[in-house]
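Q: Here our numbering is used: the first residue of the sequence shown is 621, the next is one more, and so on.
Think of the CB as a built atom: it goes at the ideal place given N, C-alpha and C, for glycine as much as any other residue.
Just so you know, these numbers come straight off a predicted model, no measurement behind them.
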Amino acid sequence: MSLNPADERLARVLPQGVLREVSAAYLDEPRGRYVGRAGLVAAPRDLDEVAAVVRACAAARVAVVPRGGGTGLVAGAVMPDGPAPLILSLERMAVVRAVYPDEGVLVAEAGGTLQSVRDAAAAVGLQFPLSLASQGTAQIGGVLATNAGGVNVLRHGNARALCLGIEAVLPDGTPVHDLRRLRKDNTGYAIRDLLIGAEGTLGIITAASLVLAPLPAETGCAVMAVESPEAALRLLSLAQARMAGGVTAFELIGGQGLRFLAEVLPDIRQPFPDPPDWSVLIEIGLPAGLSAGTALEGLFEAAAESGLVSDGVIAQSGAQAAGFWAMREHIPDANRRIGAIASHDISLPLTEIAGFISAAGDWLAAQEDMRVNCFGHLGDGNLHYNLFPAAGRRREEYDDRRADLSRHLHQMVVDRGGSFSAEHGVGRLKVADLARWGDSGRLGAMRAIKAALDPAGIMNPGAVLG
């Protein structure tokens, strides 16, 4: 490995074997809109080595770009411009250090995948209740750094709500030993919460104490056809009222997404022969002594009587439930194969969702011929509102309109009290959006925190605050 003089100085102060050459795997991102740059990759094995890497980079004024599983969708882990940074990968820190079943706590290193943490929890009869389609690749450090959400936020909250303590390294190389397993700890500023969601701009999370939850004794899953998003929201309210916290996921599925699935992934089984314009995927988890199947049957009957649902299929086995989820989780895959003009990860107050979908659809229909696939985690207000070329057209034909379309849709979201980034983060893709719509007081505080912790600006430069 040939090194330039600056890299040689870095190599002299780092443990042997930490530095490695850059490969394409460290420079890409899922949507292919950015290609990163890097001088070297550092793959430390423990907290001390991470601290040594960051200290050396701080002294040499070398930018550090943290890299997790590479599944982020806002270019937070790729730096396409500026002096080549050092990529810091925690892939060699992937150990589940301890599991405390009686406490409902698991301590994991940041380079382990979300799936590995879920598997470790399952091995002791518990669950880590954060689930993403990319959980086999997404790493815990990235999940926390982006405050990831997923399908179970409705019941268990985002990543932040599932973390009790962290181990980390600050931008000057100072280690933070805060792997506490406490539910209550009012001892000043929550450095944990500061680093969670900061996307690597304030430090590197190296390990975390994570909250585990009991597995529900009874689970059930159903897909129900609804007349409209408004009917879906009324169905959500009905389900929550009848099941008293038992709803674990409530996903809105637009008919266009199902038609895309049928077109490009015909082997994915769908519950209805003709995709309805709107449907919901409901998952419930109930205590022992209650029947999930009976609860879902009662919900469907009550919803049908109220005119909220027109059809439904209740899973009769775990395999059938898994098939319903496979359908939902392959919608983004089908989207990629079709090729989106623009994708939007938005959140809205629940009572604003139906109005936004209607108004956005009307506005788009007056602009240009295109298709809309709207789907997402309705239970927590998070929609993925994606635009696609009209049949027979290519997405490149819309390139000159893409930015204006997204800006207008995001403005509609913000005007309704929503967010232009619900769960994907800001990264580099949405820096201008944050500058445009972020509250000035909040942005000022964020810049002050960044300047205090990272005065040299070496931590993931260009992300979040630009």
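How big is the Cα-Cα spacing for L1003 and G770?
A: As a position in the sequence shown, residue 1003 is number 383, starting the count at 1. As a position in the sequence shown, residue 770 is number 150, starting the count at 1. Straight-line Cα distance between these residues: approximately 11 Å.
Q: Out of curiosity, what's the CA-to-CA distance linking Q890 and P1075?
A: To locate residue 890, count along the sequence shown from 1; it is residue 270. To locate residue 1075, count along the sequence shown from 1; it is residue 455. Distance between the alpha carbons of Q890 and P1075 is about 53 Å.
Q: Is there a Cβ of chain D sitting closer than 7 Å to that of A908, yes or no?
A: Structure shown: chain D not included; a single protein chain is present.
Q: Compare the beta carbon distance of E871 and L916 with 7 Å and say whether it is the shorter of the two.
A: Against the sequence shown, residue 871 aligns to sequence position 251. Against the sequence shown, residue 916 aligns to sequence position 296. No, these two residues do not count as a Cβ contact at 7 Å.
Q: Using three-state DSSP, classify I973 as helix, strand or coil.
A: Working through the sequence shown from its first residue, we reach residue 973 at position 353. Correct three-state label for I973: helix.
Q: By the 10 Å Cβ neighbour count, where 16 or more other Cβ atoms means buried, how is K1050 classified, buried or exposed?
A: One-based indexing of the sequence shown puts residue 1050 at position 430. With 16 or more other Cβ atoms within 10 Å, it is buried.
Q: Quick check: the Cα distance between V673 and V796, rounded to an integer number of angstroms?
A: Locating residue 673 in the sequence shown gives position 53, counting from the first residue. Locating residue 796 in the sequence shown gives position 176, counting from the first residue. Computed Cα separation, rounded: 15 Å.
Q: Straight-line CA distance for E972 to S1039?
A: Here residue 972 refers to the residue found at position 352 of the sequence shown. Here residue 1039 refers to the residue found at position 419 of the sequence shown. Straight-line Cα distance between these residues: approximately 12 Å.
Q: What are the boundary residues of the beta strand (DSSP E) that includes S754?
A: Sequence index remark: in the sequence shown, residue 754 carries index 134 (1-based). From DSSP, S754 is part of no beta strand (DSSP E); its letter is neither H nor E.
Q: By a C-beta neighbour count over all protein chains shown, 10 Å radius and 16 as the cutoff for buried, is E641 buried or exposed?
A: Position 21 of the sequence shown, counted from the first residue, corresponds to residue 641. Looking at its Cβ environment, which holds fewer than 16 other Cβ atoms inside 10 Å, E641 is exposed.
Q: Could you have a look at Q987 and say whether DSSP puts it in helix, strand or coil?
A: What you label residue 987 is simply residue 367 of the sequence shown in a count that begins at 1. Correct three-state label for Q987: coil.
Q: Quick check on DSSP: helix, strand or coil for E921?
A: As a first step, residue 921 must be located in the sequence shown, where it is residue number 301. In this structure, E921 counts as helix in the three-state DSSP scheme.
Q: Counting Cβ pairs, one atom from each stretch, are 3 or more of them under 8 Å apart for the region 834 to 844 and the region 951 to 964?
A: no
Q: Might you give, ordered along the chain, the residues of its own chain that have their beta carbon closer than 7 Å to the beta carbon of V638, omitting 5 neighbours on each side?
A: Along the sequence shown, one-based indexing puts residue 638 at 18. These residues qualify, in order along the chain: A662, A663, P664, E669, V673.
Q: Between Q759 and G777, is the Cβ-Cβ spacing less than 7 Å?
A: Numbered from 1 along the sequence shown, position 139 holds the residue referred to as residue 759. Numbered from 1 along the sequence shown, position 157 holds the residue referred to as residue 777. Not in contact: Q759 and G777 (Cβ atoms no closer than 7 Å).
Q: Which first and last residues belong to the alpha helix (DSSP H) in which E1030 is found?
A: Start at 1 with the first residue of the sequence shown, and residue 1030 comes out as number 410. Looking at the sequence itself, residue 1030 is His, so the reference to Glu does not match. Per DSSP, H1030 belongs to the alpha helix (DSSP H) from 1019 to 1035.
Q: Out of T826, E628, L726, state which residue places its alpha-carbon closest to the alpha-carbon of R712.
A: Sequence index remark: in the sequence shown, residue 712 carries index 92 (1-based). It is T826.
Q: Specify, as a first and last residue, the run of the beta strand (DSSP E) that N1002 falls within.
A: By 1-based counting over the sequence shown, the position of residue 1002 is 382. From DSSP, the beta strand (DSSP E) with N1002 extends over 1002 to 1009.
Q: Cβ of V606 within 7 Å of Cβ of A728?
A: No answer is possible for residue 606: it lies beyond the span of the chain, which begins at 621 and ends at 1086.
Q: Between the alpha carbons of A1068 and Q987, how many angstroms are there, rounded?
A: Looking up residue 1068 in the sequence shown gives position 448. Looking up residue 987 in the sequence shown gives position 367. So the two alpha carbons sit approximately 41 Å from each other.
Q: Assuming E883 is part of the alpha helix (DSSP H), what are its boundary residues?
A: Here the question's residue 883 lines up with position 263 in the sequence shown. 875 to 884 is the span of the alpha helix (DSSP H), which, as asked, contains E883.
Q: Please confirm whether G696 and G1047 have their CB atoms less than 7 Å apart.
A: Within the sequence shown, numbered from 1, the residue matching residue 696 stands at position 76. Within the sequence shown, numbered from 1, the residue matching residue 1047 stands at position 427. In contact: G696 and G1047 (Cβ atoms closer than 7 Å).
Q: Quick one: residues in its chain with C-beta nearer than 6 Å to the C-beta of T757, no 5 flanking neighbours on either side, listed in chain order?
A: As a position in the sequence shown, residue 757 is number 137, starting the count at 1. Correct list, in chain order: G689, T691.
Q: Give me the Cα-Cα distance between R1021 and D894, rounded to the nearest whole angstrom.
A: Position 401 of the sequence shown holds residue 1021. Position 274 of the sequence shown holds residue 894. Answer to the nearest angstrom: the Cα atoms are 33 Å apart.
Q: What are the residues that DSSP puts in a beta bridge with F870?
A: In the sequence shown, residue 870 corresponds to position 250, counting from 1. F870 is bridged to I902.
Q: So, helix, strand or coil for T914, using DSSP?
A: Start at 1 with the first residue of the sequence shown, and residue 914 comes out as number 294. The answer is helix: DSSP assigns T914 an H, G or I state.
Q: What is the C-beta distance between G981 and V992, in whole angstroms, given that I count them as a contact (C-beta under 8 Å)?
A: Here residue 981 refers to the residue found at position 361 of the sequence shown. Here residue 992 refers to the residue found at position 372 of the sequence shown. Correct: roughly 6 Å between the Cβ atoms.
Q: What residue range is occupied by the uninterrupted alpha helix (DSSP H) comprising V670?
A: The sequence position of residue 670 within the sequence shown is 50, counting from 1. Unbroken alpha helix (DSSP H) run through V670: 667 to 680.
Q: With 16 other CB atoms within 10 Å as the buried threshold, where does R948 fall?
A: Indexing the sequence shown from 1 puts residue 948 at position 328. Buried: at least 16 other Cβ atoms inside 10 Å.
Q: Which residue from G1064, A828, N767 puts its Cα closest to that of A714?
A: The residue you call residue 714 lines up with position 94 of the sequence shown. Among G1064, A828, N767, the Cα nearest to that of A714 belongs to A828.
Q: Please name the residue in V1084, I1078, A1083, G1086 whose C-alpha comes closest to that of L706.
A: Position 86 of the sequence shown, counting from 1, holds the residue named residue 706. Of V1084, I1078, A1083, G1086, the residue nearest in Cα terms is I1078.
Q: If you follow the beta strand (DSSP E) that L830 is in, where does it begin and where does it stop?
A: On the sequence shown, residue 830 is found 210 positions in, with the first residue counted as 1. 824 to 831 is the extent of the beta strand (DSSP E) around L830.
Q: So, does the region 774 to 794 touch the region 642 to 660, judging by three or more C-beta pairs under 8 Å?
A: no
Q: Could you have a look at N955 and say whether DSSP puts it in helix, strand or coil?
A: Here residue 955 is taken as the residue at index 335 of the sequence shown, counted from 1. Three-state result, N955: helix.
Q: Tell me whether S643 sits in a helix, a strand or coil according to DSSP, three-state version.
A: For this step, residue 643 is matched to residue 23 along the sequence shown. Coil at S643, not helix or strand.
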